[in-house]
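J.: So the sequence shown is residues 1 to 196, counted in the numbering used here.
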Amino acid sequence: MAQKRKLDYYDDDFDFDTGSLSSFESDEDFVHSMSSSEDDSSDEEDFLSVRQWCKIDSSSPAPSQFSFIGDVGMKACMTNISDSLEYFELFLTDEIVNHIVTETNIFAAENLNKFKSKEHSQTHHWSETNANELRVFFATLILQGLITKPTVRMFWSKRKLIETPSFSNLMSLRRFDLIMQVIHFDRNENTDSSHP
Numbered sequence: 001m002a003q004k005r006k007l008d009y010y011d012d013d014f015d016f017d018t019g020s021l022s023s024f025e026s027d028e029d030f031v032h033s034m035s036s037s038e039d040d041s042s043d044e045e046d047f048l049s050v051r052q053w054c055k056i057d058s059s060s061p062a063p064s065q066f067s068f069i070g071d072v073g074m075k076a077c078m079t080n081i082s083d084s085l086e087y088f089e090l091f092l093t094d095e096i097v098n099h100i101v102t103e104t105n106i107f108a109a110e111n112l113n114k115f116k117s118k119e120h121s122q123t124h125h126w127s128e129t130n131a132n133e134l135r136v137f138f139a140t141l142i143l144q145g146l147i148t149k150p151t152v153r154m155f156w157s158k159r160k161l162i163e164t165p166s167f168s169n170l171m172s173l174r175r176f177d178l179i180m181q182v183i184h185f186d187r188n189e190n191t192d193s194s195h196p
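#1: Taking DSSP as the reference, what is the three-state secondary structure of Ala131?
#2: Following the continuous alpha helix (DSSP H) through Ser172, name the residue where it begins and the one where it ends.
#3: So, Leu173 versus Trp156, is the Cβ gap smaller than 7 angstroms?
#4: Rounded to whole angstroms, what's the CA-CA distance from Ser58 to Asp71? Just pull it up for me.
#5: Answer yes if the region 138 to 153 comes into contact with the region 104 to 115, meaning at least three C-beta pairs across the two stretches below 8 angstroms, and no otherwise.
#6: Counting only the same chain and skipping the five closest in sequence on each side, list residues whose C-beta sits under 7 angstroms from that of Cys77.
#7: For Ile56, count the other beta carbons within 10 Å of its own beta carbon; 16 or more makes it buried, fewer makes it exposed. Which is it?
#8: Figure out for me which residue from Tyr87, Val97, Gln65, Pro61 has the closest Cα to the Cα of His184.
#9: Counting pairs of Cβ atoms below 8 angstroms between the region 131 to 145 and the region 186 to 195, do you hit three or more?
#10: Going along the chain, which residues of its own chain have a beta-carbon closer than 7 angstroms to the beta-carbon of Glu103, five neighbours each way excluded?
#11: Mapping the DSSP letters down to three states, classify Phe14 as helix, strand or coil.
#12: Which residue wins for smallest C-alpha separation from Ser182, given the options Asp192, Asn105, Ser67?
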């Protein structure tokens with residue numbers, strides 16, 4: 001008598017009679033038998049009723065799946081903008097920069113004492129940052145995306161072969177490292193504890 005066993009890798013509620021496998025000579029025969037016994041046409045009709053197919057190319061884009069109601073486009077006035085810095089300041093506004101300055105200085109004041117115990121710690125040299133310095137810091141980060149080097153320290157290298165003097169002209173490596181250690185965008189206690 002054939003035994004019934006559950007196939008764990010499909011469905012726990014699916015019982016399968018292993019004795020019925022003996023009538024098939026190969027896996028292909030079994031698969032062919034299973035597929036011919038199912039009603040393929042009804043599955044295909046169900047699938048087609050869910051989605052209307054259409055040709056999509058550059059002249060006829062895909063239809064929207066969701067209705068969108070809103071006023072799209074740029075909301076800022078850009079008629080008098082003359083250079084790329086003004087475009088950038090549309091996104092990184094004074095309000096945002098000042099918020100980051102405040103949060104960074106608060107975080108540094110609360111946490112740098114933990115690191116000052118080390119004798120040669122760079123945190124002994126910390127002084128509060130300001131909006132202008134933070135803009136220079138962000139400019140340095142953007143510039144690092146344009147000029148690639150294997151390590152951050154190499155941007156401040158004085159070796160003639162790999163020197164990039166614009167970095168040391170903008171900010172010292174020590175100051176860059178200090179800001180990078182303490183930059184903060186919001187207080188930790190304001191963050192939802194369930195948020196990763």
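Backbone N, C-alpha and C define an ideal beta-carbon position, used for all residues, glycine too.
Please read all numbers here as calculations on a predicted model, not as lab measurements.
T.: With the structure as the only source:
#1: Translated into the one-based positions of the sequence shown, residue 131 becomes position 131. Here Ala131 sits in helix by DSSP.
#2: As a position in the sequence shown, residue 172 is number 172, starting the count at 1. Looking at the DSSP string, Ser172 is not in any alpha helix (DSSP H), and its letter there is neither H nor E.
#3: Mapped onto the sequence shown, residue 173 falls at position 173. Mapped onto the sequence shown, residue 156 falls at position 156. Closer than 7 angstroms, so yes.
#4: As a working note, residue 58 is residue 58 in the sequence shown. As a working note, residue 71 is residue 71 in the sequence shown. The alpha-carbon atoms of Ser58 and Asp71 are separated by roughly 24 angstroms.
#5: Segments in contact, no.
#6: Locating residue 77 in the sequence shown gives position 77, where the first residue counts as 1. Taken in chain order, the list of residues that qualify is empty.
#7: Start at 1 with the first residue of the sequence shown, and residue 56 comes out as number 56. By the neighbour-count rule (16 or more Cβ atoms within 10 Å), Ile56 is not buried but exposed.
#8: By 1-based counting over the sequence shown, the position of residue 184 is 184. Comparing Cα-Cα distances from His184 to each of Tyr87, Val97, Gln65, Pro61, the minimum goes to Val97.
#9: The answer is no - the region 186 to 195 does not touch the region 131 to 145, with fewer than three Cβ pairs under 8 angstroms.
#10: Position 103 of the sequence shown, counted from the start, is the residue given in the question as residue 103. Counting only Cβ-Cβ distances below 7 angstroms, and skipping sequence neighbours, we find His184, Phe185, Asp186, Arg187.
#11: Residue 14 sits at position 14 when you count from the first residue of the sequence shown. The predicted model places Phe14 with a pLDDT of 48, which falls under 50 and marks its position as unreliable, so this point remains unresolved.
#12: Within the sequence shown, numbered from 1, the residue matching residue 182 stands at position 182. Correcting the residue identity first, residue 182 is Val in this sequence and not Ser. Out of Asp192, Asn105, Ser67, Asn105 has the C-alpha closest to the C-alpha of Val182.
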